[in-house]
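Only one structure is covered here, and it is reproduced in the block below.
In the numbering used here, the protein residues as written are 1 to 256.
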């Protein structure tokens, strides 16, 4: 009994130690980004980013994209949509936590209701009944929370296997995963199997945009960078108004 208690305490302590260390690191990176904001471009690590982008692109062409294409071919469309809804419902948990951290109680209430409705009558999120009730999908992460706290300027950074981000957003990824999501509470190997399935579902959803990117982009790296940075800038600006119950908002994460 004591051993179990100590084990749980050690797990919690390690998580909060991770959080504290990342906060200290965030402050250091924030200061570095702010020092560069007036003189440096948004992509000071472009040489490194392009190398990683080519690596990720090769990995995508050889493994992830063919898997996603096969997934869409063999899985019926209603089930594909249900699986996508299921993973979006799981991701609503860190969204609610980040709503609270942003002191956006109105949106936190809406997202909590959405999570509760879809988890229960929506059968763990496979059916998005909450959207039909006027509770539109919303997605928040710790990178947006840091932006809410003042860390708005951040340089573009591409991470192997994970793709595009900024230094601010990359700092938020482990916090969202280890502290706020359900994945660390699932036993291995089921945890990794579930996470891998979420990646395939996410990639399959992006196939519809593949032709647009191929036709529009002379330099695919620049196209992805600009699309990512503009989308994040939009989300940061949107969150300044998201908590106002008297304003109507168009959610970019609306499930189709």
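Note that the Cβ used here is the ideal one computed from N, Cα and C, for glycine as well.
Taking 8 Å as the cut-off, the beta carbon of residue 49 is found no closer than this to the beta carbon of residue 151.
Here the C-alpha atom of residue 192 lies approximately 22 Å from the C-alpha atom of residue 123. Secondary structure within the region 207 to 246: the alpha helix (DSSP H) runs of 4 or more consecutive residues, fully enclosed, are 210 to 216 and 220 to 239 (chain order). Nearest in C-alpha terms to residue 164, of all of 91, 86 and 231, is 231.
Burial state of residue 222 is exposed, judged by a 10 Å Cβ sphere holding fewer than 16 other Cβ atoms.
Taken through DSSP and simplified to helix, strand or coil, residue 63 comes out as helix.
In this structure, the alpha-carbon of residue 98 lies about 12 Å from that of residue 173. The three-state secondary structure of residue 123, taken from DSSP, is coil. Contact between residue 69 and residue 179 is ruled out by a C-beta separation of about 34 Å, above the 8 Å threshold. Residue 94 is positioned such that its CB atom lies closer than 8 Å to that of residue 141. DSSP, read as helix, strand or coil, puts residue 106 in helix. In this structure, the beta-carbon distance from residue 239 to residue 146 does not fall below 8 Å. As the crow flies, the alpha-carbon of residue 111 is around 11 Å from that of residue 134. In terms of Cβ geometry, residue 71 and residue 204 form a close pair [threshold 8 Å].
Burial is judged here by how many other beta carbons sit within 10 angstroms of a residue's own beta carbon; residue 115 has at least 16 and is buried. Taking C-alpha positions only, residue 186 is separated from residue 120 by approximately 20 Å. In the three-state scheme derived from DSSP, where H, G and I count as helix and E and B as strand, residue 179 is classed as helix. Within its own chain, the residues whose Cβ lies closer than 8 Å to the Cβ of residue 85, once the five positions on either side in sequence are excluded, are 118, 122, 125, 126, 127, 128 and 255, listed in chain order. Residue 55 and residue 42 have their alpha carbons spaced roughly 21 Å apart. Counting only the Cα atoms, residue 101 lies some 14 Å from residue 242.
Here the C-alpha atom of residue 218 lies approximately 13 Å from the C-alpha atom of residue 211. Contact between residue 198 and residue 87 holds: CB atoms are separated by about 4 Å, below the 8 Å threshold. Judged by beta-carbon spacing, residue 67 lies within the 8 Å limit of residue 200, meaning their Cβ atoms are closer than that value. Per DSSP, residue 164 is one residue of the beta strand (DSSP E) stretching across 163 to 166.
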